[in-house]
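Residue numbers (our numbering), protein chains in the order written: chain U, 130 to 620; chain D, 130 to 620. For glycine and all other residues, C-beta sits at the position ideal for the given N, C-alpha and C.
Protein chains: 2
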Amino acid sequence: MAKDFTTREENYSQWYNDLVIKADLADNSAVRGCMVIKPYGYAIWEKIQRVLDDMFKETGHQNAYFPLFIPKSFFSKEASHVEGFAKECAVVTHYRLKKSPDGKGVIVDPDAKLEEELIVRPTSETIIWDTYRTWIQSYRDLPILVNQWANVVRWEMRTRLFLRTTEFLWQEGHTAHATEAEAIEETEKMIGVYAEFAENWMAMPVLKGVKSPNERFAGAVETYCIEGLMQDGKALQAGTSHFLGQNFAKAFDVQFLSKENKLDYVWATSWGVSTRLMGALIMTHSDDHGLVLPPKLAPIQVVIIPIYKNDEQLALITETVNDIVKKLKALGISVKYDDRNTQKPGWKFNEYEFKGVPVRLAIGPRDLENGTVEVARRDTLEKAVYQITDIEHKISHLLESIQTNLYQKAFDFREENTNKADSWDEFVALLDGKGGFISAHWDGTPETEQLIKDETKATIRLIPIDGVLEDGKCIRTGNPSKQRVIFARSY
Amino acid sequence: MAKDFTTREENYSQWYNDLVIKADLADNSAVRGCMVIKPYGYAIWEKIQRVLDDMFKETGHQNAYFPLFIPKSFFSKEASHVEGFAKECAVVTHYRLKKSPDGKGVIVDPDAKLEEELIVRPTSETIIWDTYRTWIQSYRDLPILVNQWANVVRWEMRTRLFLRTTEFLWQEGHTAHATEAEAIEETEKMIGVYAEFAENWMAMPVLKGVKSPNERFAGAVETYCIEGLMQDGKALQAGTSHFLGQNFAKAFDVQFLSKENKLDYVWATSWGVSTRLMGALIMTHSDDHGLVLPPKLAPIQVVIIPIYKNDEQLALITETVNDIVKKLKALGISVKYDDRNTQKPGWKFNEYEFKGVPVRLAIGPRDLENGTVEVARRDTLEKAVYQITDIEHKISHLLESIQTNLYQKAFDFREENTNKADSWDEFVALLDGKGGFISAHWDGTPETEQLIKDETKATIRLIPIDGVLEDGKCIRTGNPSKQRVIFARSY
Numbered sequence: 130m131a132k133d134f135t136t137r138e139e140n141y142s143q144w145y146n147d148l149v150i151k152a153d154l155a156d157n158s159a160v161r162g163c164m165v166i167k168p169y170g171y172a173i174w175e176k177i178q179r180v181l182d183d184m185f186k187e188t189g190h191q192n193a194y195f196p197l198f199i200p201k202s203f204f205s206k207e208a209s210h211v212e213g214f215a216k217e218c219a220v221v222t223h224y225r226l227k228k229s230p231d232g233k234g235v236i237v238d239p240d241a242k243l244e245e246e247l248i249v250r251p252t253s254e255t256i257i258w259d260t261y262r263t264w265i266q267s268y269r270d271l272p273i274l275v276n277q278w279a280n281v282v283r284w285e286m287r288t289r290l291f292l293r294t295t296e297f298l299w300q301e302g303h304t305a306h307a308t309e310a311e312a313i314e315e316t317e318k319m320i321g322v323y324a325e326f327a328e329n330w331m332a333m334p335v336l337k338g339v340k341s342p343n344e345r346f347a348g349a350v351e352t353y354c355i356e357g358l359m360q361d362g363k364a365l366q367a368g369t370s371h372f373l374g375q376n377f378a379k380a381f382d383v384q385f386l387s388k389e390n391k392l393d394y395v396w397a398t399s400w401g402v403s404t405r406l407m408g409a410l411i412m413t414h415s416d417d418h419g420l421v422l423p424p425k426l427a428p429i430q431v432v433i434i435p436i437y438k439n440d441e442q443l444a445l446i447t448e449t450v451n452d453i454v455k456k457l458k459a460l461g462i463s464v465k466y467d468d469r470n471t472q473k474p475g476w477k478f479n480e481y482e483f484k485g486v487p488v489r490l491a492i493g494p495r496d497l498e499n500g501t502v503e504v505a506r507r508d509t510l511e512k513a514v515y516q517i518t519d520i521e522h523k524i525s526h527l528l529e530s531i532q533t534n535l536y537q538k539a540f541d542f543r544e545e546n547t548n549k550a551d552s553w554d555e556f557v558a559l560l561d562g563k564g565g566f567i568s569a570h571w572d573g574t575p576e577t578e579q580l581i582k583d584e585t586k587a588t589i590r591l592i593p594i595d596g597v598l599e600d601g602k603c604i605r606t607g608n609p610s611k612q613r614v615i616f617a618r619s620y
Numbered sequence: 130m131a132k133d134f135t136t137r138e139e140n141y142s143q144w145y146n147d148l149v150i151k152a153d154l155a156d157n158s159a160v161r162g163c164m165v166i167k168p169y170g171y172a173i174w175e176k177i178q179r180v181l182d183d184m185f186k187e188t189g190h191q192n193a194y195f196p197l198f199i200p201k202s203f204f205s206k207e208a209s210h211v212e213g214f215a216k217e218c219a220v221v222t223h224y225r226l227k228k229s230p231d232g233k234g235v236i237v238d239p240d241a242k243l244e245e246e247l248i249v250r251p252t253s254e255t256i257i258w259d260t261y262r263t264w265i266q267s268y269r270d271l272p273i274l275v276n277q278w279a280n281v282v283r284w285e286m287r288t289r290l291f292l293r294t295t296e297f298l299w300q301e302g303h304t305a306h307a308t309e310a311e312a313i314e315e316t317e318k319m320i321g322v323y324a325e326f327a328e329n330w331m332a333m334p335v336l337k338g339v340k341s342p343n344e345r346f347a348g349a350v351e352t353y354c355i356e357g358l359m360q361d362g363k364a365l366q367a368g369t370s371h372f373l374g375q376n377f378a379k380a381f382d383v384q385f386l387s388k389e390n391k392l393d394y395v396w397a398t399s400w401g402v403s404t405r406l407m408g409a410l411i412m413t414h415s416d417d418h419g420l421v422l423p424p425k426l427a428p429i430q431v432v433i434i435p436i437y438k439n440d441e442q443l444a445l446i447t448e449t450v451n452d453i454v455k456k457l458k459a460l461g462i463s464v465k466y467d468d469r470n471t472q473k474p475g476w477k478f479n480e481y482e483f484k485g486v487p488v489r490l491a492i493g494p495r496d497l498e499n500g501t502v503e504v505a506r507r508d509t510l511e512k513a514v515y516q517i518t519d520i521e522h523k524i525s526h527l528l529e530s531i532q533t534n535l536y537q538k539a540f541d542f543r544e545e546n547t548n549k550a551d552s553w554d555e556f557v558a559l560l561d562g563k564g565g566f567i568s569a570h571w572d573g574t575p576e577t578e579q580l581i582k583d584e585t586k587a588t589i590r591l592i593p594i595d596g597v598l599e600d601g602k603c604i605r606t607g608n609p610s611k612q613r614v615i616f617a618r619s620y
């Protein structure tokens, strides 16, 4: 399985691509920049969806569905939104094909041209706020707390499986509120939900903060984000939550009658995470032996492999395994018994190691005699022999411990790779050395941020929300600064 | 709530449209033919999805995801497939917008024209079989049992919410097999899954059969279907399962090495149901008072409404209700306690009746004294007074009984509206009278089927699979026939 598998040291980027493809997570398709998400990869995404969807519903949201297509004119209505998205849109111009006159294949029927072109949604603020206008009359209709799971398209020039694809899957929450304070509270609540999901489920520590104006969502007043740190020292934005102010309400004329009987524009938020999380998950934990998955998101948490020489032995092992499977399932643990006779145990060991199954059990005739089972954990690659008695609780405990260990390991890595820089030399040396998060002073101007980006490819990942105020000097310009911000090169 | 609500008698079509919109199920959007599925409608679709997804997984299928876009040339590869779908496709020709030279809005950038146009998928056989070529080498790679939940686009001229929309949501299963027999078995298994879902969950009786060649899926060797009968006497195709033979394997050159070491083309099936099921669900059960939902698919199964004059009374009622809610939830029953003080009980009664909530409980001070609750069932509109003791089991039983009753009612309706016709006059009289399913002889030719369709708008809905063989004469041509088929006008 791990044959021809590049190590992280050799070529991190190649390692990632190989891993995604060889672990059967996703593949490139015949359509430029669009991926096929394979069953094993999709099973992880389904787990992510299920958990997030439950969290959204617990916080009062409902799902709905809005059209894939957006009339071109809608994009011009919010000035900065069109700036941000117009450059990268798939445009539908016709609605029919016809037979080619030469009899070979089909051509676009020139008579079937649309009066107004349709854009395949890159994000749905415009079509949703056009709809909300008909849903909202008075404060009684508010808040609207709606989410949608959908595919979106952004015409990216350079694509990478999961991290940046032309089409990707995501959820986008779009809420409408009677007051500014309530909308800001919602924006902060949802970035909190994302942070909780990243840390407790993905075992990925994240920093929480707000974006600088340069990095803000096109159309937002404030963008909150969570940022993780990958093993190559680059940051990855894993989720964003936008306070949109009254921008979209004004662009689409959505007003409501307040309790005080005054007409006012509605306040908005939007927030989303995407299949990009798959990339973050893979890069946070995996190693040179393949994928490593946190137990809480692993489609298969435990695999059991029989070691036998004949059918008689297999029958005896299967009897014991069936009992173990039943007990594990009763605790809600997903388990696979791989008794295929088409593959040898060694092949299976490699296969499940490469695919990141958190725990592997192996049972042979000697184990049956001793009432034991060999237990291998994927995160540390350690093996141990367990007594079968009460095995389900031991495994359950082991899974929890793997989850905790993965988080701790990623947390320690981030701490080791978060440094302060107090001079330009220090800053550049860190960036060109181990990378990571760099906490440094910035003079607060978009111009300086752009300058730093042009010179180093590093951007401000976030401004810590509860950051300590401290007087300092901008690392680039020396101008005064009140607070450190977090810089990094990023995905 | 039911104000301005057309009855079925007055105008069945208007009744359906009003119902969908006024019950907050869906709405038209700014994009021609595309709908917005509102939270209440989407909650029903989510229930449908969850149940079907579990059924697919129980029968060994996994989910995956394939690209939204399909290169134009793929459509020409399977001859009859392009015939069936080329006429109704959204075509992406460009990938960028730019500012209009006159400064007003945006225009399509003529420099960003695609070399090969992309089609927004109307169905995914072509892109999936192009992918399967890389997944399949030997019989060891088979079967592939994959499903995807996705949006698809077919450029329909006349659209109706849920029943026929330009964009709709669906699932499409695409399986690959080593033998013809196995593929046929899969095709039949999945139409069986659909029938079971329709009858046991939607409470909608369906006929099962195969399509005549005229009605077959473009590219299929055989199309199996389930057909329901709506209250206006028109049939509705609710799900299809296609045996595709080796057509797509040949078109996309997907061969495998068999156990006998021979190279052969792979056998295929595909099967799907869509948001059209929502239309079927609505039309099967609803009445002139609004939506009627089978309990198994109702987002809210029980609503509880307090009847009170002051806060003190409300507090006492709420205490009792909280206990009932807890007990109902413990049995897995979804329950909503509507104690809003912004609306009167009468308004709430109408609201939940119109939205099809299967059971309504009302509790006032008198009930508290007597230890009773008023129970109203939506299907029959009957009311009764129950003792609160053991209320959760009584309600659970009532929900089951409503589910059964809805099925029985729909079943009786279908039986009453299924008739034999043995002459052309009889056939036409039935069609122009009460409609329904008509069991009649047909000479087996596509020409006669087309003639009947042109003259009456009726089509062959299906050829019963296990139909009794009987000698007869075609109702239209008088030519000999061996078996009756089912005709109807349809959605």
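- Going by C-alpha positions, Ile-429/U is about 15 Å away from Glu-529/U.
- The segment 363-377 of chain D makes contact with the segment 399-411 of chain D, as at least three CB pairs between them are under 8 Å.
- Membership of Trp-278/D in the beta strand (DSSP E) is indicated by the continuous run 273-282.
- Cβ-Cβ distances below 7 Å link Lys-228/U to Val-235 in the same chain, with the five nearest sequence neighbours on each side left out; the list follows chain order.
- If you check each beta-carbon in the segment 174-195 of chain D against every beta-carbon of chain U, the ones closer than 7 Å belong to Glu-175, Gln-191, Asn-192, Ala-193, Tyr-194 and Phe-195.
- Under the rule that a run must span 4 or more residues, the alpha helix (DSSP H) segments found entirely inside the segment 387-428 of chain U read 405-414.
- With a beta-carbon spacing of about 12 Å, Val-454/D and Pro-435/D fall beyond the 8 Å limit used to define contacts.
- One finds Gly-234 and Val-235 in chain D with Cβ atoms closer than 9 Å to the Cβ of Ser-202/U, taken in chain order.
- Going by C-alpha positions, Gly-401/U is about 37 Å away from His-371/D.
- With a 10 Å radius around the Cβ and a threshold of 16 neighbouring Cβ atoms, Met-286/U comes out exposed.
- The segment 573-593 of chain U and the segment 139-149 of chain D do not touch, with fewer than 3 CB-CB distances between them shorter than 8 Å.
- If you check each beta-carbon in the segment 248-272 of chain D against every beta-carbon of chain U, the ones closer than 8 Å belong to Ile-248, Val-249, Ile-256, Asp-259, Thr-260, Thr-263 and Arg-269.
- Counting only residues of its own chain and dropping the five nearest sequence neighbours on each side, Asn-276/U has a CB closer than 6 Å to the CB of Phe-185, His-190, Asn-192, Gln-300 and Gly-302.
- Of the candidates Phe-291/U, Arg-250/U, Phe-326/U and Gln-375/U, the residue whose Cα lies closest to the Cα of Ala-312/U is Gln-375/U.
- The C-beta separation of Gly-213/U from Ala-310/U comes to about 26 Å, leaving the pair out of contact by the 8 Å criterion.
- Between Asp-259/D and Phe-381/D, the beta carbon gap of about 5 Å places them in contact (Cβ cut-off 8 Å).
- Around the beta carbon of Trp-476/D, fewer than 16 other beta carbons lie within 10 angstroms, which makes this residue exposed.
- Listed along chain D, the residues sitting closer than 8 Å to Val-160/U by beta-carbon distance are Pro-196, Phe-198, Ile-199, Pro-200, Leu-247 and Ile-256.
- Exclusion of the five residues before and after Pro-593/U leaves Gly-338 as the residues of its chain whose Cβ lies within less than 6 Å of its Cβ.
- Listed by position along chain U, the residues whose Cβ is nearer than 8 Å to that of Asn-280/D are Leu-197, Ala-279 and Asn-280.
- Classified as buried, His-306/U has 16 or more neighbouring CB atoms from the shown chains inside 10 Å of its CB.
- Remark: C-beta atoms of Val-211/D and Phe-204/D approach each other more closely than 7 Å.
- Cβ atoms of Asp-561/U and Ile-531/U stay farther apart than 8 Å, at about 35 Å.
- Annotation: Cβ neighbours of Pro-168/D in chain U (cutoff 8 Å, chain order): Gln-191, Asn-192, Ala-193 and Val-275.
- Just measuring C-alpha positions, the residue of Asn-534/D, Arg-293/D and Gln-360/D sitting nearest Arg-161/D is Arg-293/D.
- When only Cα atoms are considered, Tyr-536/D and Ala-409/D end up about 13 Å apart.
- For Glu-217/D, the three-state secondary structure derived from DSSP is helix.
- Closest by C-alpha distance to Met-331/U, out of Lys-176/U, Arg-495/U and Asp-156/U, is Lys-176/U.
- With a cutoff of 7 Å on beta-carbon distance, Ala-155/D and Met-333/D are scored as not near each other.
- Asp-417/U and Glu-521/U have their C-alpha atoms some 30 Å from each other.
- Assignment of beta-bridge partners to Ile-615/D by DSSP yields Ser-568/D and Leu-591/D.
- Taking 7 Å as the cut-off, the beta carbon of Leu-197/U is found closer than this to the beta carbon of Asn-280/D.
- If you ignore the 5 residues before and after Val-350/D, its C-beta comes within less than 6 Å of the C-beta of Phe-372 and Gly-374, all in its own chain and listed in chain order.
- For the options Gly-573/D, Thr-577/D and Thr-606/D, the alpha carbon positioned closest to that of Arg-613/D is the one of Gly-573/D.
- When beta bridges are read from the DSSP output, Ala-152/D appears opposite no residue.
- Counted as a single uninterrupted DSSP element, the stretch harbouring Lys-201/D is not any alpha helix (DSSP H), since DSSP gives it neither H nor E.
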